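According to my numbering, the stretch in the sequence shown is residues 14 to 120, in order.
Ideal placement from N, C-alpha and C gives every residue a C-beta, glycine not left out.
Here the structure is a predicted model, which means the values were calculated and not measured.
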Amino acid sequence: MKKDGVTIHFRQADGTVRTGIGSTGSVMELAVSIGVAGIEGQCGGCVSCGTCHVHVPDDWLTRTGKAEVFEIDLLEFEPEFQPNSRLSCQIMIEGALDGLTVDVPRR
Ligand code: FES
């Protein structure tokens with residue numbers, strides 16, 4: 014049976030996983046829509062809050078892309094900043110991301 018969208022898993026800071034299926038918009042918007050703990054998206058994707066911070070597994074960074082300089086400028090203030098950090102509001106849902114699992118840092 015054909016799926017309706019792209020499946021993305023969110024491993025929350027307590028180790029539990031929430032899964033969403035989306036087709037448009039950003040990974041942050043999908044996370045907020047399914048109530049992922051630790052992703053608030055306070056600024057709505059304007060790159061001013063950092064409340065959409067996720068860690069992307071290294072082997073998926075070729076598909077999501079690494080953080081741009083404007084993202085790093087904000088992420089650097091996050092206590093859990095790592096080389097694989099991204100603002101999930103800047104990752105747009107597309108077919109290549111089907112099956113992605115991101116880690117949500119403790120806030
Ligand atoms: Fe505010 Fe991503 S939602 S920086």
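C-alpha distance - residue i paired with residue j, whole-angstrom precision
i: S101; j: S46; result: 13 Å
i: T20; j: T32; result: 7 Å
i: A109; j: T75; result: 10 Å
i: M14; j: D86; result: Low confidence applies to M14: its pLDDT is 45, below 50, so where it sits in the model is not reliable, and the reading given next is rough at best. Roughly 43 Å between the two C-alpha positions.
i: I104; j: P92; result: 21 Å
i: R119; j: K16; result: 31 Å
i: N97; j: V60; result: 17 Å
For residue j and residue i, believed in contact at Cβ under 8 Å, the rounded distance
i: G51; j: A80; result: Contact doesn't hold; Cβ gap of about 18 Å is too wide.
i: V115; j: V69; result: 6 Å
i: T64; j: I106; result: Not confirmed; about 19 Å, so no contact.
i: G58; j: S39; result: 6 Å
Helix, strand or coil at residue i [DSSP, three-state]
i: I85; result: helix
i: V45; result: helix
i: R76; result: helix
i: S39; result: strand
Candidates the options, of which the one nearest residue i by Cα
i: V30; options: D17, C65, A44, D72; result: A44
i: V49; options: G78, H22, C56; result: H22
i: T77; options: L113, E89, H66, I34; result: L113
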